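Undergrad: Its first residue numbered 0, the sequence shown is counted upward by one per residue in numbering that gives the first Met the number 0.
Next up is a structure, given as structure tokens.
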Amino acid sequence: MLTRREFLTAAGVTALCFTALGRSRRAQAGGRWGALIPDPERILDLPAGFSYRILEHAHAPMSDGYQVPARPDGMACFTGPNGTLILMRNHENGPDAVNDGPYVDGQVAPPEAYDPNAMGGVSRLVLDATTCERISSNMVLIGTSRNCAGGPSPWGWLSCEEPMNDPTGEFPHGYVFLCPIDADSVRPPDRKPGFGRCNHEAAAVDPSTNITYLTEDRQDSCLYRFVPTVASEPFVGKLQALAVVGQPRFQTSTMAVGDMVDIEWVDIAEPDPTDDSLRNAAQAEGAAVIVRGEGICFFAGQVFFTATTGGPIGKGQIFRLIVIEGGTLELLVHSEDPAMLDMPDNLTIAPSGELVMVEDGGMVNSIRWLSAEGQLSEFGRTSRMELAGICFSPDGRAMFVNLQQEGLTLVITGPFGGESEGPAHAPQERADEASAGCACV
Numbered sequence: 000m001l002t003r004r005e006f007l008t009a010a011g012v013t014a015l016c017f018t019a020l021g022r023s024r025r026a027q028a029g030g031r032w033g034a035l036i037p038d039p040e041r042i043l044d045l046p047a048g049f050s051y052r053i054l055e056h057a058h059a060p061m062s063d064g065y066q067v068p069a070r071p072d073g074m075a076c077f078t079g080p081n082g083t084l085i086l087m088r089n090h091e092n093g094p095d096a097v098n099d100g101p102y103v104d105g106q107v108a109p110p111e112a113y114d115p116n117a118m119g120g121v122s123r124l125v126l127d128a129t130t131c132e133r134i135s136s137n138m139v140l141i142g143t144s145r146n147c148a149g150g151p152s153p154w155g156w157l158s159c160e161e162p163m164n165d166p167t168g169e170f171p172h173g174y175v176f177l178c179p180i181d182a183d184s185v186r187p188p189d190r191k192p193g194f195g196r197c198n199h200e201a202a203a204v205d206p207s208t209n210i211t212y213l214t215e216d217r218q219d220s221c222l223y224r225f226v227p228t229v230a231s232e233p234f235v236g237k238l239q240a241l242a243v244v245g246q247p248r249f250q251t252s253t254m255a256v257g258d259m260v261d262i263e264w265v266d267i268a269e270p271d272p273t274d275d276s277l278r279n280a281a282q283a284e285g286a287a288v289i290v291r292g293e294g295i296c297f298f299a300g301q302v303f304f305t306a307t308t309g310g311p312i313g314k315g316q317i318f319r320l321i322v323i324e325g326g327t328l329e330l331l332v333h334s335e336d337p338a339m340l341d342m343p344d345n346l347t348i349a350p351s352g353e354l355v356m357v358e359d360g361g362m363v364n365s366i367r368w369l370s371a372e373g374q375l376s377e378f379g380r381t382s383r384m385e386l387a388g389i390c391f392s393p394d395g396r397a398m399f400v401n402l403q404q405e406g407l408t409l410v411i412t413g414p415f416g417g418e419s420e421g422p423a424h425a426p427q428e429r430a431d432e433a434s435a436g437c438a439c440v
């Protein structure tokens with residue numbers, strides 16, 4: 000096993016920069032990207048040199064005869080065959096969202112539907128990797144409920160349900176489902192009950208161990224991990240919850256920026272309870288309490304996650320979990336001003352190795368960038384309410400994001416780590432500053 004020093008050396012400059020975040024550093028809203036240019040379409044303001052294009056919108060026809068469901072949420076981008084990119088996309092629809100589900104007039108739930116009354120699920124959007132043009136789209140998972148976030152894995156897209164039950168109670172919900180990225184039609188549900196039954200939010204996998212880390216969207220939630228008995232069978236093993244050494248039921252919302260605590264993991268005897276009691280069982284064993292765990296991602300031996308309403312003013316915290324030598328939990332950032340950070344939700348790793356996150360705090364929300372030095376910068380802004388599903392193409396040259404209430408999936412291109420990739424749907428000011436074409440790979 001690597002020591003902490005050996006690991007950080009192997010992980011490279013970015014990991015070393017993040018370790019510099021300490022008690023003396025405080026994140027501040029900054030202008031790293033320069034002023035945002037107002038979008039005449041009033042969809043998304045971006046810095047000069049960056050542009051967006053709408054890839055799909057809710058209720059548009061899909062290639063398989065369904066319609067694009069409303070409320071796109073968590074999302075990840077995978078490399079597909081034959082020069083394609085594949086976006087796997089959740090839809091946070093509840094059972095009452097009949098008109099916003101995948102069905103057009105006259106369609107009924109297919110036999111593959113998990114719950115014929117539920118309108119959530121997962122769609123698949125295939126793009127040309129060179130131009131980012133839409134090639135096709137189709138449903139992969141149908142009949143789940145309020146698929147909020149999830150995460151990429153070596154085995155496909157992990158889609159997480161947020162609620163526990165539909166109104167009838169006939170079909171149990173609150174699970175994680177595995178969705179293959181090559182599914183060009185609806186597949187039978189592949190439920191993973193070992194990952195726990197709760198108000199799931201997001202998932203992140205350590206590819207070196209196949210341990211999956213899971214957040215829970217509750218005011219008194221826990222952070223979970225599923226540990227395979229053997230790495231080659233990633234869905235056979237045990238569920239555990241994070242605890243702070245020597246401090247049972249530690250309240251993570253009380254931590255100050257730079258605080259670091261040693262952690263351990265407590266076993267959960269029954270990961271698939273009949274009611275919403277998973278966090279209660281974990282906390283009875285001493286698990287730490289997190290205020291609305293949401294976005295999570297894994298990078299170079301580190302797990303980053305958000306507590307959307309944690310912190311001194313209830314507007315969010317961002318944590319780092321280092322999973323070597325027993326493990327430590329560190330508070331990187333918390334909000335002391337909604338103008339700086341307002342309820343961070345989904346997050347991902349930028350091509351530079353820095354954190355990028357989206358907000359869902361109010362009528363105006365931002366895409367924010369957290370540098371390795373601890374500075375928050377605003378990269379994008381919308382007045383269309385919640386942003387979700389932030390992710391990059393595998394080579395880091397295109398960013399994807401959803402505007403949930405508007406039902407829009409966007410691609411954003413520009414100089415993320417090199418030359419500008421050119422305009423897509425852009426205000427003239429941006430188009431003038433970008434080169435021709437939209438190269439994603």
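Glycine residues also receive a C-beta, built at the ideal position from the N, C-alpha and C atoms.
Since we're looking at a predicted model, the values are computed, not measured.
Note down the Cα distance separating P60 from T228, rounded to an integer number of angstroms.
TA: The straight-line gap from Cα to Cα measures roughly 43 Å.
Undergrad: Sorted by chain position, which residues of the same chain lie with C-beta nearer than 6 Å to A349's C-beta, five sequence neighbours on each side aside?
TA: Closer than 6 Å at Cβ, skipping near neighbours: V355.
Undergrad: Suppose you measure from the CA of G195 to the CA of Q66; what does that come to, to the nearest Å?
TA: Whole-angstrom Cα-Cα distance: 31 Å.
Undergrad: DSSP beta-bridge partners for E263?
TA: Answer by DSSP bridge pairing, in chain order: A242.
Undergrad: Below 8 Å, how does it come out for the stretch 271-290 and the stretch 218-226: are there three or more Cβ pairs, yes or no?
TA: Judged by Cβ distances under 8 Å, the stretch 271-290 makes contact with the stretch 218-226, as three or more pairs qualify.
Undergrad: Taking 8 Å as the limit between beta carbons, can you name the residues of its chain near R24, skipping five residues before and five after?
TA: Low per-residue confidence applies at R24: pLDDT is 41, beneath 50, and the placement is therefore not dependable, though the value from the model is reported in the following sentence. Cβ within range, chain order: V256, G257, E372 and G373.
Undergrad: Spell out a yes or no on whether the stretch 121-129 and the stretch 41-51 are touching, meaning 3 or more CB-CB pairs, one atom from each, closer than 8 Å.
TA: The stretch 121-129 is not in contact with the stretch 41-51.
Undergrad: Quick one: residues in its chain with C-beta nearer than 8 Å to the C-beta of G73, no 5 flanking neighbours on either side, listed in chain order?
TA: Taken in chain order, the residues that qualify are R88, N89, N146, C147, A148, G149, G150, S158, C159, A201, N345, A387 and G388.
Undergrad: Nearest to Q404 by alpha carbon, out of L369, V244 and N92?
TA: Considering only alpha carbons, the answer is N92.
Undergrad: If you follow the alpha helix (DSSP H) that L222 is part of, which residue opens it and which one closes it?
TA: From DSSP, L222 is part of no alpha helix (DSSP H); its letter is neither H nor E.
Undergrad: Rounding to the nearest angstrom, what Cα-Cα distance links N137 and P71 in this structure?
TA: About 14 Å.
Undergrad: Mind checking L375: buried by the 16 CB within 10 Å criterion, or exposed?
TA: Buried: at least 16 other Cβ atoms inside 10 Å.
Undergrad: Can you tell me where the alpha helix (DSSP H) holding Q374 begins and where it ends?
TA: No alpha helix (DSSP H) holds Q374; DSSP gives it neither H nor E.
Undergrad: Would you tell me roughly how many angstroms separate the C-alpha atoms of G128 and G82, rounded to the nearest one?
TA: Sequence inspection shows Ala at residue 128; the Gly mentioned does not correspond to that position. Using only the alpha carbons, I get a separation of about 5 Å.
Undergrad: Check whether the stretch 232-246 and the stretch 310-319 touch, using three or more Cβ-Cβ pairs below 8 Å as the test.
TA: Taking 8 Å as the limit for Cβ pairs, the verdict is that the stretch 310-319 does not touch the stretch 232-246.
Undergrad: With respect to 8 Å, is the separation between the Cβ of L84 and the closest non-hydrogen atom of the ligand HEM below this value?
TA: Looking for the ligand HEM in the displayed structure turns up nothing, as the structure carries no ligands at all.
Undergrad: List the endpoints of the continuous beta strand (DSSP E) containing A442.
TA: Since the displayed the chain opens at 0 and closes at 440, residue 442 lies outside it and no answer follows.
Undergrad: Apply the 10 Å Cβ neighbour rule to D261 and answer buried if 16 or more other Cβ atoms are within range, or exposed otherwise.
TA: Exposed is the call here.
Undergrad: Give every residue of the same chain whose Cβ lies closer than 6 Å to the Cβ of V103, excluding the five residues on either side of it in the sequence, and list them in chain order.
TA: Correct list, in chain order: Q66.
Undergrad: With F77 and Y212 assumed to form a contact (beta carbons below 8 Å), what rounded beta-carbon distance in angstroms separates them?
TA: That pair is no contact at about 19 Å.
Undergrad: Excluding the 5 residues flanking E111 on each side, which residues of the same chain have their C-beta closer than 7 Å to its C-beta?
TA: For E111, where only same-chain residues beyond five positions count, the Cβ hits under 7 Å are I141, V185, R186 and P187.
Undergrad: What is the rounded straight-line gap between the Cα of E390 and the Cα of G413?
TA: The question names Glu, but residue 390 in the sequence shown is Cys. Straight-line Cα distance between these residues: approximately 15 Å.
Undergrad: Ignoring anything shorter than 3 residues or poking outside the stretch 144-229, list the beta strand (DSSP E) runs there in chain order.
TA: Within the stretch 144-229, the complete beta strand (DSSP E) runs of at least 3 residues are 146-152, 155-160, 175-178, 199-205, 210-215 and 223-227.
Undergrad: Grouping DSSP H, G and I as helix and E and B as strand, with all else coil, what is L277?
TA: Residue state, collapsed to three classes: helix.
Undergrad: How would you label T381, buried or exposed, when you count the other beta carbons within 10 angstroms and need 16 or more for buried?
TA: T381 comes out buried.
Undergrad: To the nearest angstrom, how far is the alpha carbon of P94 from that of L409?
TA: Their backbone Cα atoms lie some 26 Å apart in a straight line.
Undergrad: Please report the straight-line C-alpha distance between A287 and T253, rounded to a whole angstrom.
TA: C-alpha separation (whole angstroms): 12 Å.
Undergrad: Put D99 into one of helix, strand or coil per three-state DSSP.
TA: Looking at D99 - three-state DSSP - the assignment turns out to be helix.
Undergrad: Using a 10 Å radius around the Cβ and a threshold of 16 neighbouring Cβ atoms, would you call H172 buried or exposed?
TA: Burial call: buried.
Undergrad: When the Cα of P206 is compared with those of I366, E132 and A230, which residue comes out closest?
TA: Of the listed residues, the one whose Cα sits closest to P206 is A230.
Undergrad: Under 8 Å Cβ to Cβ from D341, same chain only, skipping five residues before and after it: list those, please.
TA: Counting only Cβ-Cβ distances below 8 Å, and skipping sequence neighbours, we find K314, G315, S334, E358, G360, G361, N364 and S365.
Undergrad: Could you check the C-alpha separation between D181 and A203 for me, to the nearest Å?
TA: Rounded to the nearest angstrom, the two C-alpha atoms are 20 Å apart.
Undergrad: Would Q301 and L330 be called neighbours here (beta carbons separated by less than 9 Å)?
TA: For Q301 and L330, no; Cβs fall outside 9 Å.
Undergrad: By DSSP's criteria, I53 is part of a beta bridge. Which residues make up the other side?
TA: In DSSP, I53 forms a bridge with L409.
Undergrad: Tell me, which residues are paired with I312 by DSSP?
TA: None, per the DSSP bridge assignment.
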